[in-house]
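Residue numbers (the working numbering): 1 to 409.
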C-alpha cells in the first residue's frame, strides 16, 4: 500500500470504521419527539431531542457497511448525550455531521449515488463525502455509547446540517436479515450550554501482525489545549487481545481493556484533566492465528486501533491528532509519533520506507520494526516525507533537517 495515498485520500480528512457494503433499503427522517414508544428504542420526549433510524437488508453469510443521509432540525441541536440501539446483525454504528445543507446526490468527484434511502458505502462511509466530525455512535448493541457530557456541556450540530448514518453489519446466518439501528440525540437548550464538547477520534494507520504471530500497534498524539475527558473506549477487531491508553510520563494507564467487542466505556465522573503540551500514548496488542499477515484496514479481515472518547472544550486538532492546530485544512492523524516494537535504527527504518515505496509495497513493517527509542526522530522524518514528497519537491531537500536527525540515530 502507498501509505501517502492512503493518508491523504482515504484516512483524511475523516477516517471512519469502514467495512465492505451491499446495497440496502429503508430508512427514515427523524422520528417526531413524543410519538409512541418504538420496539427497539423509544424517541426522546418532546423538546428533549430527536431520533434517527435506519433499516436495511443483509444476505446470508455477508459482512457489509450501509449508509444513509438524514437532516438535522432547522434550529440545530445542542447534544448532551446519545443513546444507540441496534438489532441482531449490526456490529457498530456511527453518526457524522457533513458540510452539506442539502442531501447530496453525487460524491465530490462527480460519482452519482442514489442517496434517497440506504445506499452502498463499500468504499468507506466518508470516502468522497465532505465529513466534518463524529456526532454519535456505539459499538455496544444495548450498552454505553460514545457521547456523554456533564451538565452545561454539549456538542453543537449545525442548523439543518446533513448527517451521515453509518452501520457495520455481519450476517453469519443462512437467512436474509433486516437489521435496524436507532440513535437518540438528547439535547439541552442553547441557553444552558456553557462549553462546547467533541469526540476524540484518534486512529493508527500503522498496524502489522505477522502470520501466526503476536504484534503491537502503538501511537502517541499531542494535546494542543487543556481538555477534560468525560469518557473513553477502545476499538479493535477480532485479533485484539489487549489495549491500554495513558498520558506520557504518567505511570498508570487511564484505560485498559482485553475486549474487542462489548467494549467497556469508562466514565471518569468529574472528568480526567489533560493539559496542553501533554501526549496521549495508546497501544493495541494482537494475536494472529491465521497463516497470513494482517495489516490495518477497514474489513474484519484487517485490524484497527483507535482511541475514542467524549471530551471538552472542543478542539479539533487534538481530537484528530493533527500536528499544527492553527493551520487550516491540515490532515488528520499526521501529528502522531509512531512507536515501533523492533530494533531497527532510524536510518534503517527510513531506508526501508523508501525502498518499500519505490517498489509499491506496504511500508507498515518498516514502522513497526523500528526501535521505540527513535520514534520521535523517525516519525518527524516520515511525517515530513508524507506531507511534502511529490513530483515538484525533493524530500532530501525539503526534509533535510528531519532526515539529518533521523540518520544520526
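Glycine included, every Cβ here is placed at the ideal spot set by N, Cα and C.
Contact belief for residue 149 with residue 312 at Cβ below 8 Å, rounded distance in angstroms: 6 Å
Whether residue 321 touches residue 202 by CB criterion (8 Å): yes
The beta strand (DSSP E) enclosing residue 266, as first and last residue numbers: 266 to 274
For residue 216, the three-state DSSP class (helix, strand or coil): strand
Neighbourhood of residue 253 by C-beta distance below 8 Å, restricted to the same chain and skipping five residues each side: 244, 245 and 246
Spatial distance of residue 389 from residue 307 (CA atoms): 28 Å
Cutoff 7 Å; reference residue 415; Cβ partners in own chain excluding five residues on either side: Missing from the structure shown is residue 415; the chain here goes from 1 to 409 and no further.
Three-state secondary structure (DSSP) of residue 233: strand
Straight-line gap, residue 341 to residue 56 (C-alpha atoms, nearest Å): 42 Å
Nearest neighbour of residue 227, chosen from 208, 271 and 240 [CA to CA]: 271
Contact belief for residue 346 with residue 409 at Cβ below 8 Å, rounded distance in angstroms: 4 Å
Three CB pairs or more closer than 8 Å across the segment 50 to 70 and the segment 166 to 176: yes
Entirely enclosed beta strand (DSSP E) segments - the segment 130 to 173, minimum 3 residues: 131 to 138, 153 to 157 and 162 to 171
Residue 179, buried or exposed, once every other Cβ within 10 Å from all chains shown has been counted against 16: buried
CA-to-CA distance, residue 236 to residue 258, given in whole angstroms: 10 Å
Test item: CB-CB of residue 405 and residue 369 under 8 Å: no
Span separating the alpha-carbon of residue 462 from that of residue 231: Given that the chain is displayed from residue 1 to residue 409, the structure contains no residue 462 and the question cannot be resolved.
Whole beta strand (DSSP E) elements within the segment 81 to 133, 3-residue minimum: 90 to 98
Host beta strand (DSSP E) of residue 182 (start-end): 180 to 187
Same chain, Cβ closer than 6 Å to residue 103, five either side skipped, listed in chain order: 69, 115 and 162
The segment 261 to 280 touching the segment 133 to 140, judged by at least three CB pairs closer than 8 Å: yes
Residue 30 burial status per 10 Å Cβ neighbour count (16 or more: buried): In this predicted model, residue 30 has a pLDDT of only 45, less than 50, meaning its place in the structure is not dependable; the value taken from the coordinates is given anyway. Buried: at least 16 other Cβ atoms inside 10 Å.
Outcome for residue 290 when other beta-carbon atoms lying within 10 angstroms are tallied against a minimum of 16: exposed
Integer Cβ distance of residue 188 from residue 80, believed to fall under 8 Å: 5 Å
Terminal residues of the beta strand (DSSP E) in which residue 67 lies: 62 to 71
Close beta carbons around residue 327, own chain, < 7 Å, minus the five adjacent residues each side: none
Close-in-space but distant-in-sequence residues of the same chain around residue 241 (CB under 7 Å, 5 per side omitted): 258, 285, 286 and 287
Residue range of the alpha helix (DSSP H) that includes residue 206: No alpha helix (DSSP H) holds residue 206; DSSP gives it neither H nor E.
Within the segment 310 to 383, ranges of the alpha helix (DSSP H) (whole runs, at least 4 residues): 316 to 319, 346 to 358 and 364 to 368
Cut-off 7 Å between Cβ atoms - residues of its own chain near residue 336, not counting five sequence neighbours on either side: 219, 220, 221, 321 and 379
Burial state of residue 310, where buried means 16 or more other Cβ atoms lie within 10 Å: buried
Proximity of residue 164 and residue 129 at Cβ, strictly below 8 Å: yes
Cβ-based burial, residue 105 [other Cβ within 10 Å; buried from 16]: exposed
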